[in-house]
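J.: One structure, as structure tokens, below. Some questions next.
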Amino acid sequence: MAGLFAVGITAFVVLRWLMVPADFGALGHYRASALTDNMDRPLVFAGQAACVECHADVAEVRAKGRHARVSCESCHGALAVHASNPAGVKPVRPDPRRTCIVCHTASISKPTSFPQVVPAAHAPEGSCAACHVVHNPKIS
Amino acid sequence: MPGVEGFIYPNELELQWSVLIVLYPFITGLVAGAFILASLERVFNVEAVKPTYRLALLTALAFLLVAPLPLQLHLGHPERSLEMYLTPHTQSAMAMFGFVYLWYLMVVLVLEIWLDYRRDIVLKWRASTGLSKHLYGAMALWSDNISESALKLDDRIGRALTVIGIPSAFLLHGYVGFIFGSIKANPWWSTPLMPIVFLFSAIVSGIACILLLYFVTCWLRRVPVDMACVDTIATYLFYAFLVDFALEMLDLIHRLYEADESFRALDFMVKTRLFTSQIVVQILLGTLVPLVMLAVTQLVSLRERTRRVLYVLAGSLTMIGIFAMRWNVVIGGQLFSKSFLGYTTFKMEFATREGLLPAIVLMILPFVILWVLIRLLPPWGHGEGDRGRRAGV
Amino acid sequence: MDQDRRTFLGQTGKLLVLTASAAIAWEHVLAGRPEDAPNYRSTDHWWGMSIDIEKCIGCGTCVRACKTENDVPREEFMFRTWVERYVVDPADRDHPQVDSRNGGYDGFHEREVLDPNLKMFFVPKLCNHCTHSPCVQVCPVGATFESPDGVVLVDTAYCLGCRYCVQACPYGCRFIDPRTETVDKCTLCYHRITRGLTTACSETCPTGTRVLADLKDPKDPIHAFLREHMVQVLKPQMATGSRVFYNGLDGSVR
Chain H
61 MAGLFAVGIT
71 AFVVLRWLMV
81 PADFGALGHY
91 RASALTDNMD
101 RPLVFAGQAA
111 CVECHADVAE
121 VRAKGRHARV
131 SCESCHGALA
141 VHASNPAGVK
151 PVRPDPRRTC
161 IVCHTASISK
171 PTSFPQVVPA
181 AHAPEGSCAA
191 CHVVHNPKIS
Chain X
6 MPGVEGFIYP
16 NELELQWSVL
26 IVLYPFITGL
36 VAGAFILASL
46 ERVFNVEAVK
56 PTYRLALLTA
66 LAFLLVAPLP
76 LQLHLGHPER
86 SLEMYLTPHT
96 QSAMAMFGFV
106 YLWYLMVVLV
116 LEIWLDYRRD
126 IVLKWRASTG
136 LSKHLYGAMA
146 LWSDNISESA
156 LKLDDRIGRA
166 LTVIGIPSAF
176 LLHGYVGFIF
186 GSIKANPWWS
196 TPLMPIVFLF
206 SAIVSGIACI
216 LLLYFVTCWL
226 RRVPVDMACV
236 DTIATYLFYA
246 FLVDFALEML
256 DLIHRLYEAD
266 ESFRALDFMV
276 KTRLFTSQIV
286 VQILLGTLVP
296 LVMLAVTQLV
306 SLRERTRRVL
316 YVLAGSLTMI
326 GIFAMRWNVV
336 IGGQLFSKSF
346 LGYTTFKMEF
356 ATREGLLPAI
366 VLMILPFVIL
376 WVLIRLLPPW
386 GHGEGDRGRR
396 AGV
Chain D
2 MDQDRRTFLG
12 QTGKLLVLTA
22 SAAIAWEHVL
32 AGRPEDAPNY
42 RSTDHWWGMS
52 IDIEKCIGCG
62 TCVRACKTEN
72 DVPREEFMFR
82 TWVERYVVDP
92 ADRDHPQVDS
102 RNGGYDGFHE
112 REVLDPNLKM
122 FFVPKLCNHC
132 THSPCVQVCP
142 VGATFESPDG
152 VVLVDTAYCL
162 GCRYCVQACP
172 YGCRFIDPRT
182 ETVDKCTLCY
192 HRITRGLTTA
202 CSETCPTGTR
212 VLADLKDPKD
222 PIHAFLREHM
232 VQVLKPQMAT
242 GSRVFYNGLD
252 GSVR
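Protein chains in written order, with this note's numbering: chain H, 61 to 200; chain X, 6 to 398; chain D, 2 to 255.
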């Protein structure tokens, strides 16, 4: 019986040596390569810097107005594919009414300092861009 | 969203632990309880419960073999479960399960049963032929030394193992309670009483289970029930149950009196979603009724027949009550939102991996294993010889 | 993809006039595998986030961006980040009315009853990347862990799917991804922050409510944020060492 236990324990030690991933425990109680697994995902949003790299002119307009701190992809959507292949993948132009409404529809829940309108009263239809410069929306 | 009342965090809609995780503490509880009952006879020499000694050990083994299966089935990646042994995270309560389990299975139960049965196995090995001869030979590990001194040694080691076994049984189930009791995020679980409540409810359910199994096996074998034995077991059941009930009430009163931030949410849950399973099944039917029945048998002298009926009824209700308690802990602990502002609903599935069907199969399985074990290693039969051996030592 | 990007940039031969930080950021991206990027040393960072409730307009852009960036299942009950709306009656602060339909993914529609006595605000939530994470503590195998730069990550190739961590998280930040049968949660866009970019939610937040913070960087605005505001974390009684810092967090928030 003791022999059986000894065999069992030996088998366990050998098995453990064989099966534990080599990088386990290098940094803590986990596989160190799990860090790189988490890093290796593809980007979907390219990030401000990538947009500005080519579209510095738009960034300049935007920097002067109330949308200075709104990043391009807030409205234009995720565009890493475009940043990687500017000629091949063309972004879709955001809807110049629905895009604005997402943020600027009046709501009692929103901070009062935030510019908001009741779209049906403010401009029942049509493009917001008809009156506002979307990259630098003046408040008249 | 359907099934949601009030506000829950979005990720809380689905229950993470289903009926299989209800079975896990229920089954390990039966193991621990049955073993502790068996140990009473061995360590404290309670002659009266001797007829159930081996039955209790085999029952413990049968349930212990099934205990990890519900866990295994519920894992998203069962094939990775070996990682628990390979890279156990020492800070995780759950990581220790594998080791506690193996320790208990191998060192305590298998070894103890083996030592206790060694003489029987060797005798069977000698008497049988063909395939079963090889089987019993292997079970005896091809050692047929059953001399007086060897048996005496067996008995000594066995007794020492039982002494180790009792704290191990406490460890096994107290530990299961700790898995729940140590989750600070969940006020329904988080209490230092949890391991103790689990332990005593385990003892209660184990004793009730052996009591019932003893009745059933006597009935199947058409032998008379040893009344001295069942009376003693019923007494144990009564006192263990009293302690268990007192602990649970202590927990309840403490919660009611402290009435902390989670209290209103939990109170509402107990009065609505858990009313049937907690108040009606667990506390009224599963605890108070059997307690009263057992109290009657302790206080009033009744005819044998009446006592037997009361024992069977009380035992069955106890089992249902303890199962309901596991249910209310595991499922109840997931019905309320950790925001304390709302509730979700448990939707039991049937023929899925974590559904009702596998749960039923897993609940039948230990009895099948027990039947095989009883066929292999009858816990009765050599009664006189067994008793004589013990007495002679 | 990297090759295309490189050749394109090379062919056009465009003169890039970039700020230094942007240049570094893009270099990281170009480097492809972030561990090859010489500019990222995990021990140089200690990540967290600041959330200014007074700025949040509940537009849900962060929720959508997160699901897009991280390929989170588009289910109504699986979120790495979500937004809650609180409606608090000042006379009955213990019973706030909270809603978070589809996690705020579609924004919030106006409530029908507008009682001017009620206080309303939005609370964006995400993994708090706790310094003493209950989820990391309970993981039996080391499949969830805290990275050297302080981000709580999941090793999906190692996770058993036992769900103990889901039970242990006081904030409800974890869910099981049905496609992998493993746990999933906010990684603080680890693939982005290690390349010098900010998280998808911070990147797209139009009001600057959510700002990625590097507590080891002495120049990071987080230090001013912590100094100049009355800051609170979620469920401080849990003592998890949460590193998502809220300005303007009402006491009624759970």
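Quick reminder that beta carbons are idealized off the backbone N, C-alpha and C, glycines included.
1. Does the distance from the CB of V84/D to the CB of G49/D come in under 9 Å?
2. Spatial neighbours of I184/X within its chain, please: CB distance less than 8 Å, with the 5 preceding and 5 following residues excluded, ordered by chain position.
3. Can you pull the chain D neighbours of L87/H, defined as C-beta to C-beta under 7 Å?
4. Could you pull out every residue in the same chain whose Cβ sits closer than 7 Å to the Cβ of G486/X, ignoring the five residues on either side in sequence?
5. Taking the continuous beta strand (DSSP E) assigned at P125/D, which residues delimit it?
6. Any residues in the segment 68-85 of chain X with a beta carbon nearer than 7 Å to a beta carbon of chain D? Which ones, in chain order?
7. Can you name the start and end residues of the alpha helix (DSSP H) that W376/X belongs to?
8. Can a CB atom of chain X be found closer than 9 Å to the CB of G33/D?
9. Could you tell me whether the segment 82-93 of chain H touches the segment 124-141 of chain H, where touching means 3 or more Cβ pairs closer than 8 Å?
10. Do E17/X and T349/X have their C-beta atoms closer together than 9 Å?
11. Go through its chain and collect everything with a Cβ distance to L154/D's Cβ below 8 Å, but skip five positions before and after it.
12. Quick one: using the 10 Å Cβ neighbour count with 16 as the cut-off for buried, is G59/D buried or exposed?
13. For F220/X, which residues in the same chain have their Cβ closer than 7 Å to its Cβ, ignoring the five residues on either side in sequence?
14. Just the C-alpha distance for R123/X and F49/X, rounded to the nearest angstrom, thanks.
15. With 8 Å as the C-beta to C-beta threshold (strictly closer), list the residues of the segment 177-196 of chain D near chain H in chain order.
16. Mark Q96/X as exposed unless 16 or more other C-beta atoms lie within 10 angstroms of its C-beta, in which case mark it buried.
17. In terms of alpha-carbon separation, which member of H94/X, T64/X, V51/X lies closest to I379/X?
18. Kindly list, in the order they appear in chain X, the residues whose Cβ is closer than 9 Å to that of V80/H.
19. At a CB distance below 9 Å, what residues from the segment 99-120 of chain H approach chain D? Give them in sequence order.
20. Among F250/X, L290/X, Y141/X, which has the Cα closest to the Cα of L128/X?
21. Let me check understanding here. Comparing Cα to Cα, which of D218/D, V234/D, T181/D, Q233/D lies closest to P83/X?
22. Between A225/D, Q168/D, V99/D, D156/D, which lies nearest to P135/D when the distance is taken from Cα to Cα?
23. Please report whether the beta-carbon of N129/D lies at a distance below 9 Å from any beta-carbon of chain H.
24. Going along chain D, which residues have a C-beta under 7 Å from A98/X?
25. Since D249/X sits in a beta bridge, which residues does DSSP pair it with?
26. Would you mind stating whether L20/X and L367/X have Cβ atoms separated by less than 9 Å?
27. Within 9 Å of any Cβ in chain H, is that where the Cβ of S22/D sits?
28. Identify the continuous beta strand (DSSP E) that holds T82/D and give its terminal residues.
29. Residues bridged to S51/D by DSSP?
30. Could you give the C-beta distance for E12/X and L346/X, rounded to a whole number, given that I count them as a contact under 8 Å?
31. Just how far apart, CA to CA, sit I440/X and S152/X?
32. Counting contacts by CB-CB distance shorter than 9 Å, is K198/H in contact with chain D?
33. CB-CB under 8 Å to L74/X, same chain, minus the five flanking residues each way: which ones, in chain order?
34. Since W47/D and L227/D should fall inside the 8 Å C-beta cutoff, what is the C-beta to C-beta distance between them, to a whole number of angstroms?
T.: Looking at the atomic coordinates:
1. Your numbering for residue 84/D matches position 83 in the third sequence. Your numbering for residue 49/D matches position 48 in the third sequence. No, Cβ-Cβ distance for V84/D and G49/D is not below 9 Å.
2. Along the second sequence, one-based indexing puts residue 184/X at 179. Here the set comprises A98, M99, F102.
3. For the purposes of this step, residue 87/H is taken as the residue at position 27 of the first sequence. At a C-beta separation below 7 Å, L87/H has these neighbours in chain D: P149.
4. Outside the shown range of chain X (6 to 398) lies residue 486/X, about which nothing can therefore be said.
5. Locating residue 125/D in the third sequence gives position 124, counting from the first residue. Segment 120-127, the beta strand (DSSP E) holding P125/D.
6. Those residues of the segment 68-85 of chain X that come within reach of chain D (Cβ to Cβ, closer than 7 Å) are L80, G81, H82, R85.
7. Position 371 of the second sequence, counted from the first residue, corresponds to residue 376/X. 361-381 is the extent of the alpha helix (DSSP H) around W376/X.
8. Counting from 1 along the third sequence, the entry for residue 33/D is found at position 32. At G33/D the pLDDT is 46, less than 50, meaning the model places this residue with poor confidence; the figure from the coordinates comes in the next sentence. Contact with chain X is absent for G33/D, since none of that chain's Cβ atoms lies less than 9 Å from the residue's Cβ.
9. Below 8 Å, too few C-beta pairs join the segment 82-93 of chain H and the segment 124-141 of chain H to call them touching: fewer than three.
10. As a position in the second sequence, residue 17/X is number 12, starting the count at 1. As a position in the second sequence, residue 349/X is number 344, starting the count at 1. Taking 9 Å as the Cβ cut-off, E17/X and T349/X qualify as a contacting pair.
11. Residue mapping note: residue 154/D aligns to position 153 of the third sequence, counting from 1. Spatial neighbours of L154/D in its own chain (CB-CB distance under 8 Å, excluding positions within 5 residues in sequence) are listed in chain order as T145, F146, E147, S148, T188, Y191.
12. The count along the third sequence starts at 1 and reaches residue 59/D at position 58. The residue is buried, with at least 16 neighbouring Cβ atoms inside 10 Å.
13. By one-based count along the second sequence, residue 220/X stands at place 215. Excluding positions up to five away in sequence, the list reads V230, V317.
14. Here the question's residue 123/X lines up with position 118 in the second sequence. Here the question's residue 49/X lines up with position 44 in the second sequence. Roughly 22 Å separates the two Cα atoms.
15. Against chain H - using a Cβ distance shorter than 8 Å - the residues of the segment 177-196 of chain D are T188, Y191, H192, R193, T195, R196.
16. Within the second sequence, the letter at position 91 stands for residue 96/X. Around the beta carbon of Q96/X, a 10 Å sphere encloses fewer than 16 other beta carbons of the protein chains shown; the residue is thus reported as exposed.
17. The count along the second sequence starts at 1 and reaches residue 379/X at position 374. Residue T64/X is the option with its Cα nearest to I379/X.
18. Here residue 80/H corresponds to residue number 20 of the first sequence, with the count starting at 1. What V80/H touches in chain X: E88, L91, T92.
19. Under the 9 Å Cβ criterion, the segment 99-120 of chain H contributes M99, D100, R101, P102, L103, V104, F105, A106, G107, Q108, A109, A110, V112, E113, C114, A116.
20. As a position in the second sequence, residue 128/X is number 123, starting the count at 1. It is Y141/X whose Cα lies nearest to the Cα of L128/X.
21. Along the second sequence, one-based indexing puts residue 83/X at 78. It is T181/D whose Cα lies nearest to the Cα of P83/X.
22. As a position in the third sequence, residue 135/D is number 134, starting the count at 1. Closest option to P135/D, Cα to Cα, is Q168/D.
23. In the third sequence, residue 129/D corresponds to position 128, counting from 1. Chain H contact via Cβ: absent.
24. Translated into positions along the second sequence, residue 98/X becomes position 93. Ordered by position in chain D, the residues that pass the 7 Å Cβ test against A98/X are V139.
25. On the second sequence, position 244 is the one that residue 249/X refers to. Looking at the DSSP assignment, D249/X forms no beta bridge with any residue, so it has no partner.
26. Position 15 of the second sequence, counting from 1, holds the residue named residue 20/X. Position 362 of the second sequence, counting from 1, holds the residue named residue 367/X. No, Cβ-Cβ distance for L20/X and L367/X is not below 9 Å.
27. Here the question's residue 22/D lines up with position 21 in the third sequence. With a pLDDT of only 42 at S22/D, under the threshold of 50, the placement of this residue in the model should not be trusted; the figure read from the coordinates follows. Answer yes: the Cβ-Cβ gap between S22/D and chain H drops below 9 Å somewhere.
28. Counting from one through the third sequence, the residue named residue 82/D turns up at place 81. T82/D -> beta strand (DSSP E) spans 82-89.
29. Translated into the one-based positions of the third sequence, residue 51/D becomes position 50. Listed as beta-bridge partners of S51/D by DSSP are V212/D, F246/D.
30. As a first step, residue 12/X is located in the second sequence; it is residue number 7 there, counting from the start. As a first step, residue 346/X is located in the second sequence; it is residue number 341 there, counting from the start. In the sequence as displayed, the identity of residue 12/X is Phe instead of Glu. Sure, about 4 Å apart at Cβ, within 8 Å.
31. This structure gives no information on residue 440/X, because the portion of chain X shown stretches from 6 to 398.
32. The residue given as residue 198/H occupies position 138 in the first sequence. Contact of K198/H with chain D is not assigned, every C-beta pair being separated by 9 Å or more.
33. Looking up residue 74/X in the second sequence gives position 69. Answer for L74/X: L367, L370, listed in chain order.
34. In the third sequence, the residue the question calls residue 47/D occupies position 46. In the third sequence, the residue the question calls residue 227/D occupies position 226. Cβ-Cβ separation between W47/D and L227/D: approximately 13 Å, too far for a contact (criterion under 8 Å).
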